[in-house]
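Numbering (this note's numbering), first residue to last: 3 to 328.
All C-beta atoms, glycine included, are put in the ideal place defined by N, C-alpha and C.
Below: one structure, written as structure tokens.
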Ligand code: SAM
Ligand code: DTB
Ligand code: SF4
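The following block contains the structure:
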């Protein structure tokens, strides 16, 4: 084993130093992909990819000012946003996603935080009824109190997505209506309620390599590790402050996947936003680098995603199959 890899790939650690992570990042791509494959194979079936459908149950009108997001009211699109989607419509979409091969469905709402009341009750009902269909449920609804996390757990929620998005040092450059520290209590509440944590970030927002590696260090220091880690590549949405951000070099993205797999080896590592802009070959490299989950369906929350036919073709060409990790 090379000097850059100090522990056996696949070892679960919470104490990675920035220097160790930087040294790993500086490895040759073949070395990095080899370590990532070792880490993947220690915990997962390397030929299975989790398919997670995404459904925006409440779109736009968000009071936060996240610089990357199409749903913020701060970026010119002053629309109030849609009302919470009807439960029957959500159930129809969930059934369709299941028929298209999804294992999990993630419901997203453009809320700063969850408010107790009829809308939250309706989300709880959606979680109960989708779980009864045999699909794993995930939600991303903004900040949660301990009690709200417990109620979601009681309803059968498997996972909650709440991202750190970037390094603690860079966070204020991206959002000013909340701080990095404001993200942390929700993660603690979710974990305490026994819901698994889905937590990742975005690359391509003008952050330095150090910021990207600090994000990974922070994610890997969580105890226990997140159960899934979405790596989003910025989708540059017109009208947002980041619309003109520089394009991400695909090799840098591939290295991020390898590093994430090595640092958080048991997690589903998900190719998230921006996948529609990646060639089949770059997606294949991401899988080689240890990614083992994607969002399925032709739309993410508001931006495009490869359609199920394209994914079927890609999986066929790579001989990958949809399914849970074991
Ligand atoms: N409002 C909730 C929140 O912020 O936690 C949940 C929904 S929010 C849209 C979920 C995640 O989507 C964000 O944390 C961010 O990582 C990702 N995201 C949003 N817009 C994006 C974009 N344009 N490009 C890449 N990722 C994006
Ligand atoms: C995550 O990290 N990525 C997903 C999910 N969690 C909710 C959202 C991606 C959104 C991309 C921008 C959009 O479609 O609006
Ligand atoms: Fe609102 Fe979430 Fe978009 Fe931020 S990322 S503006 S909190 S929907």
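Using 8 Å as the threshold, is the C-beta distance between residue i and residue j below it?
i, j, result
"residue 151", "residue 192", "yes"
"residue 69", "residue 176", "yes"
"residue 263", "residue 10", "no"
"residue 260", "residue 291", "yes"
"residue 64", "residue 96", "no"
"residue 201", "residue 221", "yes"
"residue 125", "residue 143", "yes"
"residue 89", "residue 118", "no"
"residue 116", "residue 140", "no"
"residue 326", "residue 52", "yes"
"residue 206", "residue 250", "yes"
"residue 44", "residue 226", "no"
"residue 297", "residue 320", "no"
"residue 59", "residue 93", "no"
"residue 324", "residue 105", "yes"
"residue 315", "residue 309", "no"
"residue 154", "residue 197", "yes"
"residue 257", "residue 20", "no"
"residue 121", "residue 86", "yes"
Given the structure, does residue i come close to ligand 2, in the sense that its CB is under 7 Å from one of the ligand's heavy atoms?
i, result
"residue 274", "yes"
"residue 256", "no"
"residue 110", "yes"
"residue 303", "yes"
"residue 139", "no"
"residue 232", "yes"
"residue 56", "yes"
"residue 160", "no"
"residue 163", "yes"
Assuming residue i and residue j form a contact by the criterion Cβ under 8 Å, report the distance between their Cβ atoms to the nearest whole angstrom.
i, j, result
"residue 231", "residue 271", "5 Å"
"residue 229", "residue 269", "6 Å"
"residue 135", "residue 100", "7 Å"
"residue 304", "residue 74", "About 11 Å separates the two Cβ atoms, so there is no contact after all."
"residue 169", "residue 102", "Going by Cβ atoms, the distance from residue 169 to residue 102 rounds to 36 Å, so no, they are not a contact pair."
Any heavy atom of ligand 1 within a distance shorter than 7 Å of the CB on residue i?
i, result
"residue 46", "no"
"residue 204", "yes"
"residue 225", "no"
"residue 179", "no"
Please confirm whether any heavy atom of ligand 5 lies closer than 7 Å to the CB of residue i.
i, result
"residue 49", "Absence of ligand 5 from the depicted structure is noted, with ligand 1, ligand 2 and ligand 3 being the only ligands included."
Strictly closer than 6 Å from CB to any heavy atom of ligand 3: give me those residues in the order they appear in the chain.
64, 66, 68, 71, 73, 74, 112, 114 and 144
Curious, which full-length alpha helix (DSSP H) runs of at least 4 residues does the region 236-278 contain?
252-265
Could you name each continuous alpha helix (DSSP H) segment of 4 residues or more that falls completely within the region 103-176, going from the start of the chain to the end?
120-134 and 148-156
Entirely enclosed beta strand (DSSP E) segments - the region 185-227, minimum 3 residues:
The qualifying runs are 198-200 and 203-205.
What are the uninterrupted segments assigned as beta strand (DSSP E) that are 3 or more residues long and contained completely in the region 24-63, given in chain order?
50-60
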